[in-house]
Amino acid sequence: MASALRNSFLSFCLVLALPALALKNGDNANFETLKPEDTHARTSINVIEQLTRHHYVRQRLDDDLSSQILDRYLEMLDPQRSYFLASDIESFEGYRYVLDDALRKGDLEPAFKIFNRYQQRLRDRLEFTLGLIADGLEDLDFSTDDSIETDRSESPWLVDEAAMDDLWTRRLKANVLSMRLNDRDFDAIRESLERRYSNRLSRSAQTNSEDAFQLYMNAVATSFDPHTQYFSPRTSENFNINMSLSLEGIGAVLRSEDEFTTVVRLVPAGPADKSSLLNPSDRIVGVGQEDDDIVDVIGWRLDDVVDLIRGPAGSKVRLDVVPAGSGPGAQPHQISLVREAVKLEEQSAQRRVLNVERNGREHKIGVIEIPTFYIDFKALQAGDPEYKSTTRDVRRLIEELEAEGVEGIVVDLRNNGGGSLQEASALTGLFIKAGPTVQVRSASGRVDLFNDEGGDVAWDGPLAVLVNRLSASASEIFAGAIQDYQRGLVLGGQTFGKGTVQTLIPLNRGQLKLTQAKFYRVSGQSTQHQGIIPDIEFPELFDQEKIGESTLSDALPWDVIRPTRFRREQSLAPMISMLETRHQSRVEQDPEFAYLNELVRRNREQAARTTLSLNEAQRRQEKADEEAWRVDLENRRRLASGKQPIEDMEQLRQLSAAGEASGAVPGGPPPLSSLDEDGMPAEGEAADDESGQIAARDTDEVDGLLQETGKILIDFVTLRQSVAELDDASARRSN
2 MASALRNSFL SFCLVLALPA LALKNGDNAN FETLKPEDTH ARTSINVIEQ LTRHHYVRQR
62 LDDDLSSQIL DRYLEMLDPQ RSYFLASDIE SFEGYRYVLD DALRKGDLEP AFKIFNRYQQ
122 RLRDRLEFTL GLIADGLEDL DFSTDDSIET DRSESPWLVD EAAMDDLWTR RLKANVLSMR
182 LNDRDFDAIR ESLERRYSNR LSRSAQTNSE DAFQLYMNAV ATSFDPHTQY FSPRTSENFN
242 INMSLSLEGI GAVLRSEDEF TTVVRLVPAG PADKSSLLNP SDRIVGVGQE DDDIVDVIGW
302 RLDDVVDLIR GPAGSKVRLD VVPAGSGPGA QPHQISLVRE AVKLEEQSAQ RRVLNVERNG
362 REHKIGVIEI PTFYIDFKAL QAGDPEYKST TRDVRRLIEE LEAEGVEGIV VDLRNNGGGS
422 LQEASALTGL FIKAGPTVQV RSASGRVDLF NDEGGDVAWD GPLAVLVNRL SASASEIFAG
482 AIQDYQRGLV LGGQTFGKGT VQTLIPLNRG QLKLTQAKFY RVSGQSTQHQ GIIPDIEFPE
542 LFDQEKIGES TLSDALPWDV IRPTRFRREQ SLAPMISMLE TRHQSRVEQD PEFAYLNELV
602 RRNREQAART TLSLNEAQRR QEKADEEAWR VDLENRRRLA SGKQPIEDME QLRQLSAAGE
662 ASGAVPGGPP PLSSLDEDGM PAEGEAADDE SGQIAARDTD EVDGLLQETG KILIDFVTLR
722 QSVAELDDAS ARRSN
């Protein structure tokens, strides 16, 4: 549960998960006992009223929910169980069944007592670690067989100070050893760690009552479901900036996860997206301006990290990044990005023609990449006849592809985290004759239908939809409708499974993002939790045990309502098994799929590791083995595609920086998209990019997953022709 909690969007773009914060010089931080502000009681009562009256799930504020809120609050404060002692947890048990009664009255005393104890334990740990650093790092012994747990979220709470001291000594050794492996000397390591922990101590002393209140209100809100969240006034301001995309930056949405700033997703066409240097679930551990020194941001509050990353358009920011999917103790690498504003037209759907060779003949397949479901509401409301939208752009792209003589079309929705619900429905109408596209059920039980009224079908030829684990929300609505109507094939990985709708509700102080409805396919199946299961599945780099709605604590379940009336376009079931057989036969010999399967296998091995060695010789050998494996994997792929092999990891890094390496995987990770169906940042959420340290993808390189999609579509065309010919022959014999 705690692991899933860390991966949920408790940060709602700019919210802290651990309250450590704002810069203040000096080693001796002055911690004050925090108390609720006068307005907090009223706000908390307001939040409770909204949750119990208007949330999609009518949940009672009772002892069961009180117990759940306490567990959630402790997990949010101390997810790795490295601050609170077992005696602290025992003392908090007295609150387990009284938080509900306290919340009804606006009584926040229990929450603030727990928070103040956390602050005390945090201060104790930071001061202890600074004392170890002052005693001298050279005396740390890295020749023993010591190790440290990589994930303590399910471990027992430590019983006393001695056990806590041992844990934090091991944590310090792990930090020192990581820097040693990056060829830093003890003086540089000491200076870096002293600055890191001193800053954390002084910043933590700046934590205020608003921080404590926000964290507690989110423990309450996310106990209803992971997408229901409270925004403090400061967070609301940052949220609105993100919504309008009015402030220049790198085009990345971030969250706090334990002590780290983690990339949730990349905004399509933003600097990070276009660079291919940053991926979802990468961890940002340092930020530097232009050519200034890198500032260590481990343990910083999220909004302060965001302030460092933002800046004027055209300016440069450098980031120290630990790649997603890296094993324990992985070393950061540095990337450089130029800030710029993201324009709507740069996020538009794009087309290209894919040449696919099958049985000695070259076929043309049209590909339409849709990074997000967008519509320019301002232009539409102003009566501009040329307003931009996904559906209008895709109709035009289809006409262009038809003019080029394509035999089939692939709609590529990989990494598309959602957008406008209306656009998902309208886009479906380009491919079906007429009928309902999605059902929306409100908390009252009322079901509303979105319909295609039977406008002109833009494309009635062979169709495939390509999805992955980061395809969410509106993407799932479109893919689900195409699958239900059997209008085309759905290929790729099981999608994210976000099938809920949120509304922003203004409060007397801040805002509440509240889940108020749920999506259902025309077949009656929810897209929630389960997502869309493809007709033919491809290997998926994203770990479904860590990424997706099903991994989030208290996610609403998958369920079924009554299907609506609709008419299927055709029956694909007889052909899917034949297409699957041909697909499997092909990919057994495909170097791109071999490469992908090797990465999946390696990532599973890394994910299974539960400890990190603190023996320097062993760690150096592990690092050498990992680099050798990556070079070998890259060379096997390069040789299979007729490219020159590389010599070492340094050359792979250089090729990556130049955009010439083979990349993160054919059609694998990178960005999720921008806006959710309710106009909020998309919560296709995501995500741990399991591609590890493999280099950024060359944009000119053939996408192996897309190529295989094209081959399946050509197989579909030929099979359908064969079936039609057999039907004609049978009809002639009958006559």
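For the sequence shown, my numbering gives the first residue as 2, with consecutive numbering after it. Note that the Cβ used here is the ideal one computed from N, Cα and C, for glycine as well.
Label PRO667 either buried or exposed according to how many other C-beta atoms from any shown protein chain fall within 10 Å of its C-beta, with 16 as the threshold for buried.
Residue placement at PRO667 is poorly supported in this model, since its pLDDT is 34, which falls under 50; the coordinates still yield a value, given next. The residue is buried, with at least 16 neighbouring Cβ atoms inside 10 Å.
With 16 other CB atoms within 10 Å as the buried threshold, where does GLN622 fall?
Exposed is the label assigned to GLN622, since fewer than 16 other Cβ atoms lie within 10 Å of its Cβ.
Classify GLY289 as helix, strand or coil using the three-state DSSP reduction.
GLY289 falls in the strand class under three-state DSSP.
From the DSSP output, read off the bridge partner residues of ASN356.
ASN356 is bridged to LYS365.
Got a sec? Which residues, its chain only, sit under 7 Å from GLU541 by beta carbon, not counting five neighbours each side?
So the qualifying residues of the chain are ASN469, ARG470 and GLY494.
Name the two residues that bound the continuous alpha helix (DSSP H) containing PHE225.
The continuous stretches of alpha helix (DSSP H) do not include PHE225, and DSSP gives it neither H nor E.
Could you tell me whether the region 214-232 touches the region 254-266, using the rule of 3 or more Cβ pairs below 8 Å?
These segments do not touch.
Does the Cβ of PRO37 have 16 or more other Cβ atoms within 10 Å, making it buried, or fewer, making it exposed?
Under this definition PRO37 is a buried residue.
Tell me, to the nearest whole angstrom, how far the beta carbon of LEU467 is from that of VAL395; I am working on the premise that it is less than 8 Å.
Contact check for LEU467 and VAL395: beta-carbon distance about 15 Å, past the 8 Å limit, so the pair fails to qualify.
Between ARG172, THR612 and LEU278, which lies nearest to GLN655 when the distance is taken from Cα to Cα?
For GLN655, the nearest C-alpha among the options comes from LEU278.
Cα-Cα separation between LYS25 and ASP308, rounded to whole angstroms
The predicted position of LYS25 is uncertain, since its pLDDT is 34 and thus under 50; a value taken from the coordinates is nonetheless stated next. Spanning the alpha carbons of LYS25 and ASP308 requires a straight line of approximately 16 Å.
Should ALA482 be counted as a contact of the ligand GTP given a C-beta to heavy atom distance under 8 Å?
Ligands displayed in this structure: none; no statement on the ligand GTP is therefore possible.
Is the CB-CB distance between GLU550 and LYS514 below 9 Å?
Not in contact: GLU550 and LYS514 (Cβ atoms no closer than 9 Å).
Taking buried to mean at least 16 other C-beta atoms within 10 Å of its own C-beta, is LYS379 buried or exposed?
Taking all protein chains in view, the Cβ of LYS379 is surrounded by fewer than 16 other Cβ atoms within 10 Å, so the residue is classified as exposed.
ILE713 and HIS584 closer than 9 Å at C-beta:
Taking 9 Å as the Cβ cut-off, ILE713 and HIS584 qualify as a contacting pair.
Collapsed DSSP secondary structure at THR496 in the structure displayed
The three-state reading of DSSP puts THR496 in coil, since its state is none of H, G, I, E or B.
Among GLN517, VAL99, TYR198 and LEU303, nearest to THR501 - alpha-carbon criterion
THR501 has its Cα closest to that of GLN517, out of GLN517, VAL99, TYR198 and LEU303.
Kindly indicate which three-state DSSP category ARG568 falls into: helix, strand or coil?
In this structure, ARG568 counts as coil in the three-state DSSP scheme.
Inside the region 152-196 only - alpha helix (DSSP H) runs reaching at least 4 residues
Segments of the alpha helix (DSSP H) lying fully in the region 152-196: 162-181.
Where does VAL458 fall in DSSP's three states?
Shown here, VAL458 sits in coil according to DSSP, grouped into three states, outside any helix or strand.
Cut-off 7 Å between Cβ atoms - residues of its own chain near LYS365, not counting five sequence neighbours on either side
Only VAL354, ASN356, GLU405, GLY406, VAL407 and GLU408 meet the Cβ criterion.
Beta-carbon contacts of GLU606 that lie in its chain and below 7 Å, excluding the five residues immediately before and after:
Here GLU606 has no same chain residue with a Cβ atom under 7 Å from its own Cβ, once five neighbours each way along the sequence are excluded.
So what does DSSP say about GLU442, is it helix, strand or coil?
For the record, residue 442 in the displayed sequence is Arg; it is not Glu. Three-state DSSP puts ARG442 in a strand.
Secondary structure at TYR596, three-state DSSP: helix, strand or coil?
It is helical.
Buried or exposed: which applies to GLN708, given that a residue is buried once 16 or more other Cβ atoms fall within 10 Å of its Cβ?
Buried.
Can VAL323 and VAL296 be called in contact, C-beta distance under 9 Å?
In this structure, VAL296 does not lie closer than 9 Å to VAL323 by Cβ.
For LEU139, I'd like the list of residues in its chain whose CB is within less than 6 Å of its CB, leaving aside the five on either flank, ordered along the chain.
Note on identity: in this sequence residue 139 is Glu, with Leu being the wrong assignment. Within the same chain, GLU139 has close Cβ partners PHE187.
Helix, strand or coil at LYS434 according to DSSP, with G and I counted as helix:
LYS434 falls in the coil class under three-state DSSP.
Can you give the beta carbon distance from ARG442 to LYS547, rounded, assuming they're within the 8 Å contact cut?
Separation of the CB atoms of ARG442 and LYS547 is rounded to 29 Å, and the pair is thereby denied contact status at 8 Å.
Touching by the beta-carbon criterion (3+ pairs, under 8 Å), the region 70-78 and the region 202-219
Contact between the region 70-78 and the region 202-219 is present, because at least three Cβ pairs lie under 8 Å.
Cβ shell of ASN417 (< 7 Å), same chain only, five flanking positions each side left out:
Counting only Cβ-Cβ distances below 7 Å, and skipping sequence neighbours, we find ILE371, PRO372, THR373, SER472, SER476 and SER674.
Verify whether the separation of the beta carbon atoms of VAL221 and VAL58 is less than 9 Å.
No, the Cβ-Cβ distance between VAL221 and VAL58 is not below 9 Å.
Might you give, ordered along the chain, the residues of its own chain that have their beta carbon closer than 6 Å to the beta carbon of ILE46, omitting 5 neighbours on each side?
The residues are GLY107.
State the start and end residues of the unbroken alpha helix (DSSP H) segment that holds LEU131.
Taken as a continuous stretch (DSSP letters only), the alpha helix (DSSP H) holding LEU131 covers 110-136.
VAL160 burial status per 10 Å Cβ neighbour count (16 or more: buried):
Flag for VAL160 reads exposed.
What separation, rounded to the nearest whole angstrom, lies between the Cα atoms of ARG639 and ALA273?
When only Cα atoms are considered, ARG639 and ALA273 end up about 26 Å apart.
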